[in-house]
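J.: Note that the sequence shown covers residues 1 to 670 in UniProt numbering. C-beta atoms are modelled at their ideal positions from N, C-alpha and C, and glycine is treated no differently.
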Amino acid sequence: MTKIESRFSRRSVLRGGAALAATAAVSPYLVFRAHAAPATGELAMIASTPNPNGALEKLYLLKGDPLAGPIQSIVTEAGAPIPASGLEQGERRLVRLMHFNDMHNHITEMHAKKGDTHVFSQMVKQVKTLRAGAADDEVVLFISGGDDHTGSIFDELMGWSPQEFIADAGYRVYSAGGVDVAVLGNHEFDRGAEVLKKGIATDARFPLLSANVHGSAFLKRDDDYVAAAIGEVKGLRIGFVGLTTSVDTRVGQPADPGLAVASPLDAVRNVLPALASITDMVVVLSHCGYGSEQHKSGKAGTTRTIGEGDFAIAETIAPLTDKPIVIIGAHTHTKLNADGIDPHNMVEGVLITQAQAHGAFLGEIAMSIRAENGRKGWFSSVGLRPTKSRDERVKAGEPGFEALEQEEDYDVDFEQAHVAPLIKALDTRLNEVIGQVPDDQLVSTKRTFADRYVGETALANFMNDALVKRSENFPNGRIDIALFNASGLASGLSQGSLSFRQWYDVMPYADGVHVATMTGAQIRDMLTSNAKRILRPEEVDKVDTSAFVSRGFLHFSSALRYAIKLNGSAREAEAFDITIAGKPIEHALDQNYKVAFNTYVALGGFGETWNGKPIGGDVPGQIPSMDLRSLPFDHTGLIYRNEVVAMIREVRTVGTQTGVALDQRVHLLR
């Protein structure tokens, strides 16, 4: 292995056209040799094809193991193309990084009364406009921060196996809309790595990045995704590295037991110096969450477990290079730098930013990059561009009309060419009437949101009881108890015909059914922890219950009944008068019961902490949670939502006669 050296200055070599020698002279990491298979401590640089609808002129993928140790060499074939800066000393490029994160397939928000909100097509129009008007020294990139799956009806096009796959809606429209690069988020794995692999192969025309995901039996690093990449455009070399949260990803599942996520800090520490050495700037796509350890931020509106998040990443990478670095964040659904750079989001000159979620904003970072200028005066503006919601009931001239989406706000041709066919593919499934709701008094969205964190909730009762009833035909027999977390109830129901789409809005998450064997004593301990998670009466007026309150409060099927005595504080709250199928818990402490969990809770509730860490969600006192992850689980392979939908199709009614009730299975004593 020989590292190329040169006596020529960088500027003189570029002027002479010897870009190969110039790049090697600038970067001691770059190595040329025949048959460039990377060894330990190496990444192979392979020329690839950028998204033809994107902005990059050239693309290079960095392949190899970024976790074995620090990268000492970037290896490429002798004579192969390499990224070569075309910037003269002091020459400038204006780089616009247009970014979004946690779209969760909210490509187009469909609403029967308000009309459809064309979220992604609004972004596409803005990016196309910027690209069309870009000056000769201006670059406009389009970037996803991950979690591009799970949360809308478009998920159904993925199926639950490669055989059921129709389309990866997110990746398909991103490819058509000109996305240049994306990172793997934790929710990309909700339907399994095998289905994700199908989606990438079929619909992603841009590189997927993660330097710390590894070990999957299906999704192969260097084939389906890579640790890092380099884009070249208008003489500027831009390095990208992807990081995935090690807290919330669904690892260790029976179908793919080797899937794992290593420390993002270890991964970026290994990769970044070598990547920075052959680029003019670095963009870290961090699907790891804003903050570090535990942080109050984003979708929970309360303290969440973050682990090695963006603050820790920024502190780690800032000393590793003097090149400009931006962290485009995600995962916590946090709105950052909406009105310009917040100094709290700068760590040693490294910017941390994030654009909330679900396409609410298109983030924009405008950077003035000059050759060999380091991190000096390189931002010109940072902000968020809000997308508009649709409401066709509001007419021109009426209050609020100007703030709503109109045809001129989105790319109509793009919507018709690329999104409409996906919606058409969904139509049969979306519009299927699966039942009737004769009375929505107990199951409306307003009532469900008001009840779900403070006690018994009629819609949760129906769901859990439906799963117990369906379990009569489970391969391993009937379950005794079913449970579901309050934050998983994402909507309520309206009176009238009930479509599959409406029920999907209630249960948008890809939760499987996992049956644990628990003793009566363990169930008692679970209820004791649950009592400490309830939103207490003195807190209700201070919290928006339509948002997520990430405490992990659980609802149960009818066989389990108990009371919560609130006492003076969360720490003092207790569960008592517990019965299972009418039997007092004191007489059943050693008895075994089959308890059905949804995937989220079975894996520890992540930020809602059913994993031994202190209960989050602003519950004071650092109260240790019960760790549910070590229970003996039968991973059934069944999907919670599918089982409930099957029950609705069978009984045809979601009402009082089929299990919608408040029957005092849990009641509060002050």
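Give me the DSSP bridge partner(s) of L62.
T.: Paired residue(s): M45 and A228.
J.: For V326, which option in S368, R191 and P207 has the closest C-alpha, if you only look at C-alpha atoms?
T.: Comparing Cα positions, the closest option is S368.
J.: Under a three-way DSSP split, which group does G512 fall into?
T.: If DSSP states are grouped into helix, strand and coil, G512 belongs with the strands.
J.: Could you check the C-alpha separation between M518 and L628 for me, to the nearest Å?
T.: M518 and L628: Cα-Cα distance of roughly 10 Å.
J.: Hey, would you say V282 sits closer than 9 Å to A276, going by beta carbons?
T.: Yes, these two residues count as a Cβ contact at 9 Å.
J.: For A573, does the count of other Cβ atoms within 10 angstroms reach 16, so buried, or fall short, so exposed?
T.: It counts as buried.
J.: What residue range is occupied by the uninterrupted beta strand (DSSP E) comprising V138?
T.: First, the amino acid is wrong: residue 138 is Glu here, not Val. Run containing E138: E138 to S144, per the beta strand (DSSP E) assignment.
J.: Let me know the beta strand (DSSP E) ranges lying completely inside the segment 482 to 529, each 3 residues or longer, listed in chain order.
T.: Runs found: 496 to 499 and 512 to 519.
J.: When you compare the CB positions of V226 and L61, do they come within less than 9 Å of one another, or not?
T.: Going by C-beta atoms, V226 is nearer than 9 Å to L61.
J.: For the structure I just gave you, are there three or more beta carbon pairs, one from the segment 507 to 517 and one from the segment 413 to 431, closer than 8 Å?
T.: These segments do not touch.
J.: Here's the rule I'm using: 16 or more other beta-carbon atoms within 10 Å means buried, otherwise exposed. How should P257 be labelled?
T.: Exposed.
J.: In chain order, which continuous runs of the alpha helix (DSSP H) of length 4 or greater are located wholly inside the segment 122 to 179?
T.: Qualifying alpha helix (DSSP H) stretches, in chain order: 169 to 177.
J.: What's the call for K299, buried or exposed, on a 16-neighbour Cβ count within 10 Å?
T.: For K299, the pLDDT reaches just 49, beneath the cut-off of 50, and the residue's location in the model is therefore unreliable, although a value from the coordinates is still provided. When all chains shown are included, K299 counts as buried.
J.: Using a 10 Å radius around the Cβ and a threshold of 16 neighbouring Cβ atoms, would you call P620 buried or exposed?
T.: P620 is exposed by the Cβ-count criterion.
J.: Select from I74, R131 and H106 the residue whose C-alpha is nearest the C-alpha of V95.
T.: Out of I74, R131 and H106, R131 has the C-alpha closest to the C-alpha of V95.
J.: Count the CB pairs spanning the segment 96 to 103 and the segment 43 to 52 that are closer than 8 Å, and state whether there are at least three.
T.: Taking 8 Å as the limit for Cβ pairs, the verdict is that the segment 43 to 52 does not touch the segment 96 to 103.
J.: Using 10 angstroms around the beta-carbon of K583, count the other beta-carbons present and answer buried if the total reaches 16, otherwise exposed.
T.: Looking at its Cβ environment, which holds fewer than 16 other Cβ atoms inside 10 Å, K583 is exposed.
J.: Rank I534, F576, L87 and D155 by C-alpha distance to the C-alpha of D137 and give the top, closest one.
T.: Residue L87 is the option with its Cα nearest to D137.
J.: Excluding five sequence neighbours on each side, which residues of the same chain lie with their C-beta closer than 7 Å to the C-beta of V119?
T.: The residues are H106, I107, T108, E109, G359 and T387.
J.: Would you kindly check if the distance between the Cβ of D224 and the Cβ of A201 is under 9 Å?
T.: Yes, the pair counts as a contact, with Cβ atoms nearer than the cut-off.
J.: With DSSP run on the structure shown, which of helix, strand or coil describes R533?
T.: Correct three-state label for R533: coil.
J.: Between the alpha carbons of A25 and I278, how many angstroms are there, rounded?
T.: Confidence is the limiting factor: at A25 the pLDDT is only 46, short of 50, which leaves the residue's position unreliable, though a coordinate-based value still follows. Each residue's alpha carbon lies about 10 Å from the other.
J.: Suppose contacts are defined by Cβ-Cβ distances below 9 Å. Is K565 in contact with A521 by that definition?
T.: Cβ atoms of K565 and A521: not closer than 9 Å.
J.: Below 8 Å on the Cβ atoms is my guess for A355 versus G363; work out the distance and round it to an integer in Å.
T.: About 4 Å separates the two Cβ atoms, so the contact holds.
J.: Alpha carbon to alpha carbon, what distance is there between Q502 and H111?
T.: Near 10 Å, if we compare the C-alpha coordinates of Q502 and H111.
J.: Rounded to the nearest angstrom, how far is the Cβ of D147 from that of H187, given a contact under 8 Å?
T.: Contact holds; Cβ gap of about 5 Å.
J.: Please report the straight-line C-alpha distance between V437 and S558, rounded to a whole angstrom.
T.: Spanning the two alpha carbons is a distance of roughly 21 Å.
J.: Which runs of the beta strand (DSSP E) at least 3 residues long sit entirely within the segment 374 to 446? Give them in chain order.
T.: Within the segment 374 to 446, the complete beta strand (DSSP E) runs of at least 3 residues are 379 to 386 and 433 to 437.
J.: Under a three-way DSSP split, which group does F548 fall into?
T.: Note: F548 maps to coil in three-state DSSP.
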